[in-house]
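A.B. asks:
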RNA sequence: GCGGUUGUGGUCUAGUGGUUAGGACGGUAGCUUCCCAAGCUACCUACCCGGGUUCGAAUCCCGGCAACCGCACCA
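What follows is the structure, given as structure tokens:
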């Protein structure tokens, strides 16, 4: 399905829409409607269930989403997010000022104000690298963080968090204090990240406010006990940096065990690569052949990462593999940086172990992007009808209940809905339009099961009394089931898969 | 941020200076003993925003906003 067609469908069914629409919308901001919110919560729940299921010592916290300036200075975001940019008035190309000035000023432009840089460009008669004209405009600061006036005087600054990870690093010392002084310790955050994108694009893929789910695992690199054998034979679709250097673009399928062979990837890293892969395949239900584990090379990797694989999913509406998640080995960069900048001792002494600044393994996941990918991969058009093959544990509506005829069967249908909801099963009534239309509507939003109440259900004399028709989304198969058996039958639909981990 | 294209009910669209702004799908209510978008009736909902030109603008011009494509960017 095309990008726009997919977006139109999601808008029409109330999954999401542009924010501030009555004022002409705001690019890069979206509101989730009832179904979208429900689906997003299911995805977040599935993520939490899976990754917190990896260990009893992984915990979710809910940090503030505003960071004082000192935090982003220490993390490197202040510096790295404010590249001065220059544009050419003649050809309209734009460049980073330090690139343009490289020849005349090899030291770079760190610490110079935009007007000082502009002066340098003028004094040195710098020409546009693209068209060669001397038409470079005044540089302007280019900052991807949203700055905030902080406090009444407004002299101090704070920033909307550009990633959720920082909050976990800030929380580490507290988590250590309240925990049982053992590594590994995991801190999970599902929250918003804010970036002032210059050109938000492709709906949920480049947003100014988006949801990240991240697990930061703090561990001792000399001792990270894991049941590696339990994942050793998993087949992973990987594209190594060395393969790409040799011109390969398709992933190779290799076992986790084979990935260890050249010694570049430690066991703990590959173990979690498997868990990421299984989450995408088994929990999100994305076909293995649409998943690619792409290793970033030295140039592409963020400066703080020692190892980085992106989990990419091939998304038809966006023309190929796109990053949905990633596995970052950040070493001790973050705790060392924050320890030095804050003056707070962030090294710890686990019981019976030497003192250490823990290393960090970061598992990051873009919830909005995943939602889009699920819609893209799951929605199938069959003539006029649309079917969303969504794993049942992610479906915003688990069960729809239809009275075949609104009046004579409505009361019984409402009773079934009430019973299911009391059991915690996400059930919804639909008594409008014809039965076929109702099936079609539910297929479109991925409801895995529909229940129909008919004359036989409500006829005490009929052998089928107190039974209903249960119809499955994917097979269209119908089956007569006793109302009292529905609970046992339907409760598993909403259950999140969990990893099998034995330590 | 730059260039190109575009902007009509919820969706897809007809309309190129004067239209009751039309259709299809959809939604709502009703009829039809109705298990896969059936049929019939009625109803609902639109010219992205702001200026300008003109007797008159959905239509032409300018600006803004938004979307799509390409470039740049994506720590």
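Residue numbers (the numbering used here): 577 to 1079. Glycine is no exception: its CB is placed at the ideal position from the N, C-alpha and C atoms.
1) Residue 652 to residue 748, Cα distance in whole Å?
2) Look at the Cβ atom of residue 781, then the Cβ atom of residue 948, and state whether they are nearer than 9 Å.
3) Using C-beta distances below 7 Å, list every residue in its chain close to residue 999, excluding the 5 sequence neighbours before and after it, in chain order.
4) Using CA coordinates, which residue listed in 1024, 833, 968 is at the minimum distance from residue 810?
5) Sorted by chain position, which residues of the same chain lie with C-beta nearer than 8 Å to residue 826's C-beta, five sequence neighbours on each side aside?
6) Can you tell me whether DSSP reads residue 749 as helix, strand or coil?
7) With distances taken Cα to Cα, identify the nearest neighbour of residue 853 among 1057, 838, 831.
8) Determine whether the beta carbon atoms of residue 1049 and residue 911 lie at a separation below 9 Å.
9) Counting beta carbon pairs with one atom in the segment 760-772 and one in the segment 610-627, are three or more of them shorter than 8 Å?
10) Check whether the Cβ atoms of residue 792 and residue 936 lie closer than 9 Å to each other.
11) How many Å lie between residue 940 and residue 610 at the Cα?
12) When you compare only the Cα positions, how much space is there between residue 884 and residue 724?
13) In three-state DSSP terms, what is residue 1015?
14) Is the segment 974-988 touching the segment 1016-1028 in the sense that three or more CB pairs, one from each, lie closer than 8 Å?
15) Closer than 8 Å by C-beta to residue 926: which residues in its own chain qualify, once you throw out the five before and the five after it? Chain order, please.
16) Quick check on DSSP: helix, strand or coil for residue 813?
17) Mind checking whether residue 847 and residue 889 have CB atoms under 9 Å apart?
18) Along the chain, which unbroken stretches of the beta strand (DSSP E) at least 3 residues long are found entirely within the segment 923-994?
19) Grab the span of the beta strand (DSSP E) containing residue 1054 for me, first residue to last.
20) For the beta strand (DSSP E) containing residue 607, name the first residue and the last one.
21) Apart from the five residues on each side of it in sequence, which residues of its chain come closer than 8 Å, Cβ to Cβ, to residue 967?
22) Could you tell me whether the Cβ atoms of residue 746 and residue 863 are closer together than 9 Å?
23) Are residue 591 and residue 951 touching if we call contact CB-CB under 9 Å?
24) Measure the alpha-carbon distance for residue 871 versus residue 1074 and round it to whole angstroms.
25) In the structure shown, what three-state DSSP assignment does residue 792 receive?
26) Note down the Cα distance separating residue 694 from residue 711, rounded to an integer number of angstroms.
27) Who are the near neighbours of residue 1038 in its chain, counting only those whose CB is closer than 6 Å to its CB and skipping five residues on each side?
28) Residue 918 lies in the beta strand (DSSP E); which residues open and close that run?
29) Express the C-alpha separation of residue 648 and residue 719 in angstroms, rounding to a whole number.
30) Measure the beta-carbon distance from residue 1057 to residue 988 and round it to whole angstroms, keeping in mind my assumption that it falls under 8 Å.
31) State the Cα-Cα distance for the pair residue 654 and residue 978, rounded to the nearest angstrom.
32) Going by DSSP in three states, residue 848 sits in which element: helix, strand or coil?
33) With DSSP run on the structure shown, which of helix, strand or coil describes residue 886?
34) Where does residue 701 land, buried or exposed, given buried means 16+ other C-beta within 10 angstroms?
35) Could you check whether residue 585 and residue 612 sit closer than 9 Å to each other, using their CB atoms as the reference points?
36) In terms of alpha-carbon separation, which member of 903, 868, 898 lies closest to residue 741?
C.D. replies: With the structure as the only source:
1) Taking the first residue of the first chain as position 1, residue 652 is located at position 76. Taking the first residue of the first chain as position 1, residue 748 is located at position 172. Distance between the alpha carbons of residue 652 and residue 748: 18 Å.
2) Along the first chain, read from residue 1 onward, the residue named residue 781 stands at position 205. Along the first chain, read from residue 1 onward, the residue named residue 948 stands at position 372. Yes; because the gap between Cβ atoms is below 9 Å, this pair is in contact.
3) The residue labelled residue 999 in the question sits at position 423 within the first chain. Same-chain partners within the cutoff: 1063, 1067.
4) Locating residue 810 in the first chain gives position 234, where the first residue counts as 1. It is 833.
5) To locate residue 826, count along the first chain from 1; it is residue 250. Counting only Cβ-Cβ distances below 8 Å, and skipping sequence neighbours, we find 815.
6) Here residue 749 refers to the residue found at position 173 when the first chain is read from its first residue. In this structure, residue 749 counts as helix in the three-state DSSP scheme.
7) Taking the first chain and counting its residues from 1, the one referred to as residue 853 is at position 277. The shortest C-alpha separation from residue 853 is found at 831.
8) Along the first chain, read from residue 1 onward, the residue named residue 1049 stands at position 473. Along the first chain, read from residue 1 onward, the residue named residue 911 stands at position 335. No, they are not a contact pair.
9) yes
10) As a working mapping, residue 792 is identified with position 216 in the first chain. As a working mapping, residue 936 is identified with position 360 in the first chain. For residue 792 and residue 936, yes; Cβs fall inside 9 Å.
11) On the first chain, residue 940 is found 364 positions in, with the first residue counted as 1. On the first chain, residue 610 is found 34 positions in, with the first residue counted as 1. Roughly 25 Å separates the two Cα atoms.
12) Counting from 1 along the first chain, the entry for residue 884 is found at position 308. Counting from 1 along the first chain, the entry for residue 724 is found at position 148. So the two alpha carbons sit approximately 31 Å from each other.
13) As a first step, residue 1015 must be located in the first chain, where it is residue number 439. Helix.
14) yes
15) Locating residue 926 in the first chain gives position 350, where the first residue counts as 1. Same-chain partners within the cutoff: 757, 758, 759, 796, 932.
16) Within the first chain, the letter at position 237 stands for residue 813. Note: residue 813 maps to strand in three-state DSSP.
17) Residue 847 sits at position 271 when you count from the first residue of the first chain. Residue 889 sits at position 313 when you count from the first residue of the first chain. Cβ atoms of residue 847 and residue 889: not closer than 9 Å.
18) 935-942, 955-958, 961-964, 975-979
19) Position 478 of the first chain holds residue 1054. It spans 1054-1058 - the beta strand (DSSP E) in which residue 1054 sits, taken as one unbroken run.
20) Counted from its first residue, the first chain places residue 607 at position 31. Where residue 607 is concerned, the enclosing beta strand (DSSP E) stretches over 606-608.
21) Along the first chain, read from residue 1 onward, the residue named residue 967 stands at position 391. So the qualifying residues of the chain are 859, 860, 861.
22) In the first chain, residue 746 corresponds to position 170, counting from 1. In the first chain, residue 863 corresponds to position 287, counting from 1. Going by C-beta atoms, residue 746 is not nearer than 9 Å to residue 863.
23) Taking the first residue of the first chain as position 1, residue 591 is located at position 15. Taking the first residue of the first chain as position 1, residue 951 is located at position 375. Against a cut-off of 9 Å, the Cβ pair of residue 951 and residue 591 comes out as a contact.
24) Here residue 871 is taken as the residue at index 295 of the first chain, counted from 1. Here residue 1074 is taken as the residue at index 498 of the first chain, counted from 1. Cα-Cα distance, rounded: 26 Å.
25) Taking the first residue of the first chain as position 1, residue 792 is located at position 216. Here residue 792 sits in strand by DSSP.
26) Taking the first residue of the first chain as 1, we reach residue 694 at position 118. Taking the first residue of the first chain as 1, we reach residue 711 at position 135. Taking the straight line from one Cα to the other gives about 12 Å.
27) As a first step, residue 1038 is located in the first chain; it is residue number 462 there, counting from the start. Once the five neighbours on either side are set aside, the close Cβ partners of residue 1038 are 1032.
28) Here the question's residue 918 lines up with position 342 in the first chain. It is not in any beta strand (DSSP E) - residue 918 instead sits in the alpha helix (DSSP H) that spans 909-918.
29) What you label residue 719 is simply residue 143 of the first chain in a count that begins at 1. What you label residue 648 is simply residue 72 of the first chain in a count that begins at 1. Each residue's Cα considered, the two are about 12 Å apart.
30) Here residue 1057 is taken as the residue at index 481 of the first chain, counted from 1. Here residue 988 is taken as the residue at index 412 of the first chain, counted from 1. That pair is no contact at about 14 Å.
31) Locating residue 654 in the first chain gives position 78, where the first residue counts as 1. Locating residue 978 in the first chain gives position 402, where the first residue counts as 1. Approximately 56 Å between the Cα atoms of the pair.
32) Stepping through the first chain from its first residue, residue 848 is reached at position 272. Residue 848: helix per DSSP, three-state reduction.
33) For the purposes of this step, residue 886 is taken as residue 310 along the first chain, with counting starting at 1. It is a strand residue.
34) Position 125 of the first chain, counting from 1, holds the residue named residue 701. So residue 701 ends up on the exposed side.
35) The residue given as residue 612 occupies position 36 in the first chain. The residue given as residue 585 occupies position 9 in the first chain. Taking 9 Å as the Cβ cut-off, residue 612 and residue 585 do not qualify as a contacting pair.
36) As a position in the first chain, residue 741 is number 165, starting the count at 1. Looking at the Cα atoms, 903 is the closest of the given residues.
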